[in-house]
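Okay, so here's the structure we're looking at.
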Amino acid sequence: MKNIKLYILAVLGILTLVSCKTDDEFYNAVYITVPDLITIDTPASYTVGDNLSFHTDFSRYQQEDGMTTLLDIYKTSEANSFGFAYRLEKETAPDVWTSVLLNEDEYSVADAIYQSGTMTYKCDKSIPLTSAGEYRLSFGESYTGIQSTDLISRNPTNKTAVRITTNANNLDTQGYYYFTVN
C-alpha cells in the first residue's frame with residue numbers, strides 16, 4: 001500500500017513539473033492589445049449615395065506584452081482571417097436608433113483576410129448610405145470596454161486562437177462615430 005501511495009505521489013509530482021507554463025497554453029488562446037487598427041474614413045460631409053467606409057490592415061507580426069520577439073499570429077493560429085463585429089444605425093425618432101444593416105441584424109461581421117504577398121490581414125468595408133438622416137457606427141464591444149473591439153481569429157480546430165483588442169479612430173466616449181447624411 002505504501003508503494004502505491006509513493007507511486008501516485010511521484011506521478012503527481014511529474015505532472016506538476018510538465019504542466020502548462022501559462023494560461024495561454026492551457027486555454028489554447030493568446031490575447032494581445034494593438035491600438036488603432038481600425039480606420040474610419042471621415043469626409044467633411046456625406047450625401048445620399050456616398051459610402052461609409054472603414055478599414056484595417058495589420059501585420060501578421062505583433063508585439064505581445066512581456067515578450068522580446070514579435071508574435072507571428074498567422075503561424076500561431078493558422079487563421080486565414082480575423083472577424084470583428086460592427087453596427088450601423090439610423091436615428092428614426094429622437095434617441096431611437098434602428099439598424100440599417102441587411103435583415104436589420106443588430107451586428108454584422110467584417111473579415112480581415114490574410115494577404116500572403118504582404119503578410120498582412122486586410123479588410124476594406126464600404127456601406128452605401130441610401131437615405132438622409134443622422135447615423136452612428138459602432139463596433140462590437142470588447143471584454144475591455146465599449147471603446148474597444150476584438151478581432152478574433154478564424155483558425156482551424158485545435159489551433160491556438162488569437163484575440164486582438166483594438167479601437168477605431170473618431171469614436172466618442174460611448175464607442176460611437178456619429179455623422180449626418182444630407
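Position 7 of the sequence shown, counting from 1, maps to 7 under full-length UniProt numbering, and the rest follow consecutively.
Beta carbons: idealized from backbone N, C-alpha and C, even for Gly.
Because the structure is a prediction, the values reported are computed rather than measured.
Checking contacts by CB at 7 Å: is residue i closer than that to chain C?
i           : result
residue 138 : In summary, chain C is missing from the structure at hand, where a single protein chain is found.
Where does residue i sit, in a helix, a strand or coil, going by DSSP?
i           : result
residue 148 : coil
residue 179 : strand
residue 129 : coil
residue 80  : coil
residue 51  : strand
residue 107 : coil
residue 101 : coil
residue 31  : strand
residue 74  : helix
residue 142 : strand
residue 166 : strand
residue 93  : strand
residue 173 : coil
residue 63  : coil
Which value, in whole angstroms, describes the spacing of the CA atoms of residue i and residue j?
i           : j           : result
residue 69  : residue 28  : 20 Å
residue 178 : residue 141 : 17 Å
residue 100 : residue 67  : 42 Å
residue 82  : residue 136 : 23 Å
residue 153 : residue 42  : 27 Å
residue 131 : residue 95  : 18 Å
residue 115 : residue 85  : 20 Å
residue 35  : residue 97  : 28 Å
residue 155 : residue 117 : 19 Å
residue 47  : residue 71  : 42 Å
residue 161 : residue 30  : 6 Å
Per DSSP, residue i is paired with what?
i           : result
residue 88  : 137
residue 122 : 57, 113
residue 157 : Partner(s): none; residue 157 has no beta bridge.
Once you ignore the five residues that flank residue i on each side, which residues in its own chain have a CB closer than 8 Å to its CB?
i           : result
residue 119 : 59, 60, 61, 74
residue 39  : 54, 55, 56, 168, 169
residue 45  : 180, 182
Is the beta carbon of residue i sitting closer than 7 Å to the one on residue j?
i           : j           : result
residue 128 : residue 51  : yes
residue 78  : residue 32  : no
residue 87  : residue 138 : yes
residue 125 : residue 112 : no
residue 91  : residue 134 : yes
Cutting at 6 Å between CB atoms, please list the residues of its own chain near residue i, excluding the five before and the five after it.
i           : result
residue 150 : 142, 163, 165
residue 159 : 77, 78
residue 144 : 165
residue 37  : 56, 58, 166
residue 80  : 114
Under 7 Å Cβ to Cβ from residue i, same chain only, skipping five residues before and after it: list those, please.
i           : result
residue 146 : 174, 175
residue 171 : 147, 177
Got a sec: does the ligand HEM put a non-hydrogen atom nearer than 6 Å to the Cβ of residue i?
i           : result
residue 100 : This structure lacks the ligand HEM; in fact it carries no ligand of any kind.
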